[in-house]
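K.L.:
Okay, so the sequence shown: first residue is 47 according to the working numbering, each after it adds one.
Just so it is clear, CB atoms sit at the ideal spot from N, CA and C, and this is done for glycine as well.
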Amino acid sequence: MRGGSVMGRLILERDWSGTPLGPIASWPPTLRTLVSMCLTTRFPMFIYWGPERVQLYNDAGIPIMGAKHPDHALGPLRDVFPELWHPLGSMFDELERTKQANWAESQSLPIQRGGSAEEAYFTWSYTPVLDDDGKVVGFYTPALETTGQVLGQRRLRTLHLLTQRTGGASSVEEACRAGLDALGENPADLPFTWLYVTDADGARASLVGSTGMGARSAAVPAHFDLRAPEAGGPAGGLLAPVAGTRQAWRVGDVNGWLGAPLPSEVAEPPRPALVLPLPHAEGDRDLGFLVVGLSPFLNPEGEYRGFLELVAGSLATAASSARSRQEAVERMERLAALDRAKTAFFSNVSHEFRTPLTLMLGPVEDALSDPTEPLAPRLAERLSLVQRNATRLLKLVNTLLDFTRAEAGRVRAAFQPTDLSAFTAELVSQFESIAKRAQLTLTLDLPPLTEPVWVDREMWEKIVFNLLSNAMKFTFEGGVHVRLHTEDGEARLTVRDTGSGIPEAELPHVFERFHRVENARSRSHEGSGIGLSLVQELTKLHGGTVGVTSVLGQGTTFCVALPLGNGHLPREQLVPEERGPAHSVERSASAYVEEIRGWLAPTGPDGSRTSEGVRATPLLPPMSARVLVVDDNADLRKYITGLLDASVTVETAEDGYAALQAIRARPPDLVLSDVMMPRLGGFGLLRELRADPRLRAIPFVLLSARAGEEASVEGLEAGADDYLVKPFSARELAARVRTQLEMARVRREVAELSSREAVLQDAVRARDEFLSVVSHELKTPLAGFRLQLDLIERGLGPDAHARLGERLLFTRRQVHRLATVVETLLDMSLLSSGPVHLKVEDMDLAALVKEEVAQAREELCREGCEVTLRVGGPVRGRFDRARLEQVVQGLLSNALKYGPGKPVEVHVAQVGPSARLTVVDHGMGVRPEDRERIWQRFERAVSVRNFGGLGLGLWIARQVVEAHGGTVGLSETPGGGATFTVSLPLAGPQA
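1) Residues in the same chain with beta-carbon distance under 7 Å from S360, minus the five sequence neighbours each way, listed in chain order, please.
2) Does the stretch 410–421 touch the stretch 668–682, meaning 3 or more C-beta pairs lie closer than 8 Å?
3) In chain order, what are the residue ranges of uninterrupted alpha helix (DSSP H) at least 4 long that sit wholly in the stretch 86–170?
4) Could you pull the start and end residues of the alpha helix (DSSP H) that T418 belongs to?
5) Could you pull out every residue in the same chain whose Cβ sits closer than 6 Å to the Cβ of Y685, ignoring the five residues on either side in sequence?
6) Can you confirm whether the stretch 217–233 touches the stretch 120–129 when touching is taken to mean that 3 or more C-beta pairs between the two stretches lie within less than 8 Å?
7) So, is G919 buried or exposed, given that buried needs 16 or more other C-beta atoms within 10 angstroms?
8) Identify the continuous beta strand (DSSP E) that holds R542 and give its terminal residues.
9) Would K114 be called buried (16 or more neighbouring beta carbons within 10 Å of its own) or exposed?
10) How many whole angstroms separate the CB atoms of V266 and W240, which I take to be in contact at a CB cut-off of 8 Å?
11) Pick out whichever of V1006, Q982 and V972 has its Cα sitting closest to the Cα of S1017.
12) To the nearest angstrom, how far is it from the Cα of D926 to the Cα of A737?
13) How close, in whole Å, do the beta carbons of V196 and Y167 come, if the pair is a contact with beta carbons under 8 Å?
14) Comparing alpha-carbon positions, which option in E142, G194 and A484 lies nearest S568?
15) Which class does M889 belong to by DSSP, given the choice of helix, strand or coil?
16) Between V375 and R562, what straight-line distance do the alpha-carbon atoms span, to the nearest angstrom?
17) Give me the residue from A812, L322 and P315 with the minimum Cα distance to A289.
18) Please classify Q1036: does DSSP put it in a helix, a strand, or coil?
19) If you draw a straight line from the alpha carbon of G593 to that of E507, how long is it in whole angstroms?
20) Classify V52: buried if its beta carbon has 16 or more other beta carbons within 10 angstroms, exposed otherwise.
21) Quick one: is I838 buried, meaning 16 or more other Cβ sit within 10 Å of its Cβ, or exposed?
22) L431 and L421 - do their beta-carbons sit closer together than 9 Å?
23) Is the CB-CB distance between L466 and A436 below 9 Å?
24) Use the C-beta contact count for W95: other C-beta atoms within 10 angstroms, 16 or more gives buried, fewer gives exposed.
25) For F925, write down the residues that DSSP places opposite it in a beta bridge.
26) Leaving out the 5 sequence neighbours to the left and right, which residues in its chain are closer than 6 Å to R725 when beta-carbon positions are compared?
27) In three-state DSSP terms, what is R203?
28) Just reading off the beta strand (DSSP E) that D681 is part of, what are its end residues?
29) Which residues mark the beginning and the end of the alpha helix (DSSP H) in which F1026 is found?
30) Quick one: grab the DSSP three-state call for L490.
31) Of the residues Q600, R99, W645 and L1032, which one's Cα is nearest the Cα of S546?
32) Residues bridged to G408 by DSSP?
33) Given this structure, state the Cα-to-Cα distance separating F604 from R424, to the nearest angstrom.
34) With a 10 Å radius around its C-beta and 16 neighbouring C-beta atoms as the bar for buried, classify G184 as buried or exposed.
35) Look at L716 and V747 and say whether their C-beta atoms are less than 9 Å apart.
36) For a test of the three-state rule: what should DSSP assign to G54, helix, strand or coil?
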């Protein structure tokens, strides 16, 4: 007891004399030994001694005692844990009778350590202690609390079960019901649960189901209004607080929300609960709510609260996943329905196209082959163009129909034993002439096979024709090799070309419908993108496979493998060889051959290229312009060339890349370009031209089969000058071409005028800079000349001064006149270079005018001009003194120059917030048509021969006055002459 342990000190300090054990000194040696062993071990140990089962324990047992330690833990078991006396008392009696130790693992005990019952589990072994007579005097008990492990395993099992049962749910309701089933199997942690799911707008929650309510299940509310009170929702709802805060909310008793309340005499136990939100996967709203009952035997905080939140999170995840799966299934169903509708539409449209195409092709073929009424060459050429393209359209319609039938499983095959080598040779031979024209070699390796191959002959035609057409489309040099042989019980057809090849990343997609390799070099960008997909579908109907290998830039090989025999084919689709329908291979191949012919440029009898187009009636007036037509369809290039080459020079290119090289070598006046072409399309060509400063001004018209406002806007936004939708009329094309050429001509003329204007502006700017430099340079010698003149005048004696005075005065006047001219030129240069910079100050304008009139009065009087000055008083304001002196001097000089010997009147007055200066002369005046022109630089109202000057005085006056925020005007003086009026704001110029 004196070993230093907490319990040893407590036992030693306690007075045991009043207890069944008595004083420590009287304890029997056996008890002393047990206590010593108990206190020294680190495992929780308990001793129960005597008939009263007095409890002793060590330090490791303190956590098990909880709030009972230390004041109420040492004593008879009946007093310490009265709730345990009944279950343990009978156990002690049994042990005392058998004198054998027992063992219990994770045993539940209804213990109350904190004043209320709690769920607790213990693993223990009670060992009887015998005295020397073999009598049981006590029990020695190692005990370990396993509550945490038991609850953890139970909760982990619930979470696992929840995940397992909701994993395959295909809807939110199914996931929620499966989750409730899992939660119902753990009533210890989840006494009851209510699960609600919110509607799309989050205003209402509906009950999916509940657990643990027994007979009261029907009373659980079916719906809750989630709207806030200010939005019309009820006050005090069960779920509304959680919907508003998205935080869990603890409720003391949910019985108040149950419907059909019980009679008052029937006691209903309270149901504490925790309301938890089920967050949506997107995080912007709640998917639903879980109302979970709280166990009265568990602490509602800590691990228990964490477990409940995990349950809510798992439910939310399961429901969100189910909703995602449900939406994915719905999307797939919608896509499948759309795909079925599209397939049906293609099938119906293909059928509907056949009738008008038949009525188009029949009469055209009759007209071309009618020997009794032969057609004129031009008309025959036009009808041949119609026939080729109608045949091509029929081929496309047939391909669409075959593809939709195969994809919908509505193809009725007729398999028959066929000499596949001979039949394939007959099919390939239809392409020999067109291969020669395309300057390609077509080689065959078709030895006889060991046995006939069961094929549907029409399907095999389509397979061979599509593979050959595809090979020639992407092959420009070299050739195409066709081989047929047997290997591993299969007949294998390989079609190998030396074309542009397929990028490795594109190989897995080449058999997908509507897939096309972007920017691949080919003879044409035209096509539906279903040819190879149709080959795959038809091969599958034969029970075979199709594959592809390719090296970019070297070529591509397609391999079709068909099993030999007929055991793999449906028995009802096998037909004897003699029942095969008569079929024209040549007619079937013509559509493919004519399509290839449309990709090739026209050639003469010797194989050389001929000019494209048959000259038609001119739709445009003759114009000296070059038009570049860019399209991968040879027939369309030929057609447009025939429409335009009677009026303009037409050049052609088969794709955007070739067009770009031609434009850089020799820029045309207009480009007409298709949008979709191999290597470089119309938009790519347009971007290249607009990025080149030398070529960006070339008019560019896009020709496209994409109709609608969006397509036109896209083309115009990309920088095209015009957008023409196919099919278009010849007159519409001609009108658009003429408009663009005319606009281009106008733009060139405007550019030339702008260039000339820029040259003139540069010349004027250079002149102004020259005058500024000259003015600066002249001021220095003028200042020296004026100084020397003053020194000479002061050095003259009285006689010499009398003799030379008049000459000196004349010289001084000329120097002053020259200085005035230099200052004027310098002012003009400064004013032309930018805004006038003023140095304003508070001053009296009337005083300034008086001074200037006084200085000029002598010269005016000498010329016979009587000056009258009328001042109405001081006129104070904010003005630039030096600049206004220039204005007054200029107006007085102007009056003297154009009215010598005539009176001059000067008036100064304040008129409201402005100062007004008026200079009136009675000279020759200014004609009305010249009154605006004289304010410009170097302009005057009279001939320079009769009146000197630079023509800058009035221009400088206007610049200065307007810089002050004022105005200056000219009117006619009654009786003849000119009146100049200057108005200046007293407040000065505005900032």
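P.N.:
If we stick to the structure as given:
1) L205, L208 and T209
2) no
3) 108–111, 123–126 and 128–144
4) Segment: none, T418 is in no alpha helix (DSSP H) and carries neither H nor E.
5) none
6) no
7) exposed
8) E536 to D543
9) buried
10) 5 Å
11) V972
12) 52 Å
13) 4 Å
14) A484
15) strand
16) 29 Å
17) L322
18) coil
19) 18 Å
20) exposed
21) exposed
22) no
23) no
24) buried
25) E887
26) R567, D701 and Y703
27) helix
28) It is not in any beta strand (DSSP E) - D681 instead sits in the alpha helix (DSSP H) that spans A680 to L690.
29) Where F1026 is concerned, there is no enclosing alpha helix (DSSP H), although the beta strand (DSSP E) it sits in stretches over A1024 to P1031.
30) strand
31) Q600
32) Its beta-bridge partners do not exist; DSSP assigns none.
33) 42 Å
34) buried
35) yes
36) helix
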